[in-house]
Amino acid sequence: MKKRVWAGILLLSAMLLNTTACSKGVPTSAVSEPVSLSGKLTATFIDVGQGDATLIQAPSGKVLLIDGGPKDGEVAVLSTLKSKGIRQLSIIATHEDADHITALDNVVNTYDVDKVYLPKMPTKATVTMERFANAVKTKGLKFTSAKAGVSVDLGVGVTAVLLAPVKDTYDQDNNYSAVLKVSYGDTSFLFTGDAEGESERDMIASGANLKATVLKVGHHGSRSSSTDPFMKAVSPKYAVIEVGPNSYGHPTSTILNRLSSSGIKTYRTDQQGTVTAVSDGKSVTFTTEK
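Residue 288 in the working numbering sits at position 288 of the sequence shown, with consecutive numbering throughout.
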């Protein structure tokens, strides 16, 4: 009887040793473990007038600035970064329009910048774009191509992936816009730049998961963006329109009606000022400051 007991103990010990040895041979990166959510992800839609500028602060401490607004919004961008104590960040310029990049040369010159993402598109020979490109070059940086499938590092627990541009060439410059989806826990944000209908159709055709809790409405609420099929694919609970006084009719009644008829709670920087969305990984709360 004793011999049988000892034999069982020896067999169990051998199995445990073998299991331990095997586990030591597996790289930690290959072990799938759930990431616990701690902290909050904040997206600040800065009131820059007729233009875009959004600051993302991840729970890890990583920071991403999407676009830099027009000339009239440059002070707002720089003061927001200063007030939040930002020292290091990455940048996505969704495309080369002046109402999206004007403050970016000053941001690059002033802050410790990790990466600068920009879609490959026919370069606009503008003073604004030239200043931005020169600032990037002077800092010893290079533009990282912003295109579908490229990941942006926002730290543990946050997934950030570019969903557009899908194609290499478009007839309309706005369709080159970098579109970023940021996911944190059960919540997600979709930042669309000025992407219009053609780009939206390409994203749908690509099979990308477009569903998001919060949508940054494309092209300031122009009717050339936020097409019905795209809105159905995204199915947002909230929408933010970055817009200011303009002669284009932005945001159009077509888009406003599409949002309201779908029961989407909509915020506008021209009416409510800077809009801040905070996610705890389960839900998103909003505050505004005019």
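All C-beta atoms in this analysis are idealised placements derived from N, C-alpha and C, irrespective of residue type, glycine included.
| Check | Outcome |
| --- | --- |
| Residue environment, Lys-265, which counts as buried when at least 16 other CB atoms sit within 10 Å | exposed |
| Beta strand (DSSP E) segment containing Ile-241, residue limits | 238-241 |
| Inside the segment 204-279 only - alpha helix (DSSP H) runs reaching at least 4 residues | 228-234, 253-261 and 269-272 |
| Span of the alpha helix (DSSP H) around Thr-110 | 104-110 |
| Close Cβ partners of Cys-22 (< 7 Å) along its chain, the five nearest in sequence each way excluded | Here the model assigns Cys-22 a pLDDT of 36, short of 50, so the residue's position is not dependable, and the following value carries that caveat. Hits under 7 Å: none found. |
| Nearest-angstrom Cβ-Cβ length linking Gln-88 and Tyr-111, presumed shorter than 8 Å | 7 Å |
| Tyr-176 - DSSP class collapsed to helix/strand/coil | helix |
| Coarse secondary structure for Lys-124, derived from DSSP in three states | coil |
| Contact belief for Thr-144 with Ile-101 at Cβ below 8 Å, rounded distance in angstroms | Rounded, the Cβ-Cβ distance is 15 Å, inconsistent with contact. |
| Range covered by the beta strand (DSSP E) that runs through Ile-66 | 63-66 |
| Classification of Lys-216 by the beta-carbon crowding that lies within 10 angstroms, buried from 16 upward | buried |
| Continuous alpha helix (DSSP H) stretch holding Thr-80: start and end | 74-83 |
| Local conformation of Val-31 per DSSP, three classes | At Val-31, the pLDDT of 33 sits below 50, so the modelled position is not reliable; the number obtained from the coordinates is stated separately. DSSP places Val-31 in coil when its eight states are reduced to three. |
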